[in-house]
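Going by my numbering, the first residue of the sequence shown is number 1238, and it counts up by one from there.
First up is the structure itself, then whatever we jot down about it.
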Amino acid sequence: LHISNSSYNLDEIENLIVIGAGKATPAMSVAIEKILGKHINGGLITTKYGHKLPLDYIETVECGHPIPDDEGVKATLRLLSTVSNLTSKTLVICLFSGGGSALLPAPVHGISLKEKQQATKLLLEAGCTIDEINTVRKHISRIKGGLLAKAAHPAKVISLILSDVIGDRLDTISSGPTCPDNTTYKDCLKLIRKYGLEGQLPKSVADLIMERANNRRNETPNHQSHWFSKVQNIIIGNNKMALESAESKARDLGY
């Protein structure tokens, strides 16, 4: 199996799992099944209601987007369970596309989905940028901000990513479940104060951020973490590629 500049001998892979989240992820899964077929030992993807496509080896769960729902939480926890307790002879192929953040909801213990939604709504209404919103979202999640990669270690992980973010920052697309995160709980606290949200956020969210910012506990893994030693993140499509393809096709047609 050749992906980007890496090669994998499938005879040495005992377990090949496909997981992912996003509105385009079912179509990506169709392509992966055509390529790998019976080599796939199973998998689970989440997508928006009405976006499911026929698949033979990968299970699809439809859930809420843009507002996450309980079906999304249940599916995300199942997805986390799927990649837990793996060995180094496992290859996990992750498929992420637009909508991945909403379709991978897994609030940390002590915070409900409703409270996480309230916090996100307040951040949006305050005028936070997407990077700022994701800084907070990653720190109240069990899967975002590199925590999926941590859960899958020591398996080999390849994330194939369709970028819906200008600039293609890997830690922002789908809130970077397999990417290092250099933001901290202290950054979250600064944002809350910057936008005057003290006293407005749900108490569970504010208390968690304050406590962990002061104690520096349970930070998301950063670039220095060994959890990413077997992780490869590859952007396979973005706005620039689409424009270049359109230009090439237009020239072929004589424009």
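All residues carry an ideal CB built from backbone N, CA and C; glycine is no exception.
Small disclaimer: the values here were computed from a predicted structure and weren't measured.
- In the structure shown, the three-state DSSP call for Gly1433 is coil.
- When the beta-carbon positions are compared, Asn1252 and Asn1278 come within less than 8 Å of each other.
- Glu1481 and Ser1441 have their alpha carbons spaced roughly 46 Å apart.
- Straight-line spacing of the CA atoms in Leu1426 and Ile1398 works out to 30 Å.
- DSSP, read as helix, strand or coil, puts Thr1409 in coil.
- Contact between Leu1340 and Ala1258 holds, since their C-beta atoms are separated by about 4 Å, short of 8 Å.
- Its chain contains Ala1343, Val1345 as the residues whose beta carbon lies nearer than 6 Å to that of Arg1379, once the 5 sequence neighbours on both sides are disregarded; these appear in chain order.
- Taking a cut-off of 8 Å for Cβ pairs, the stretch 1383 to 1390 and the stretch 1411 to 1430 touch, as three or more such pairs fall below it.
- With respect to Gly1280, Ile1254 sits close: the two C-beta atoms are nearer than 8 Å.
- For Pro1439, the closest C-alpha among the options Ser1485, Asp1408, Gln1469, Lys1351 is that of Lys1351.
- Around the beta carbon of Lys1486, a 10 Å sphere encloses fewer than 16 other beta carbons of the protein chains shown; the residue is thus reported as exposed.
- Note on geometry: alpha-carbon atoms of Ala1363 and Thr1283 lie some 29 Å from one another.
- Contact between His1376 and Ile1446 is confirmed by a C-beta separation of about 7 Å, below the 8 Å threshold.
- Sequence-distant partners of Asn1476 (beyond 5 residues in either direction) whose C-beta falls short of 6 Å from its own C-beta are missing from its chain.
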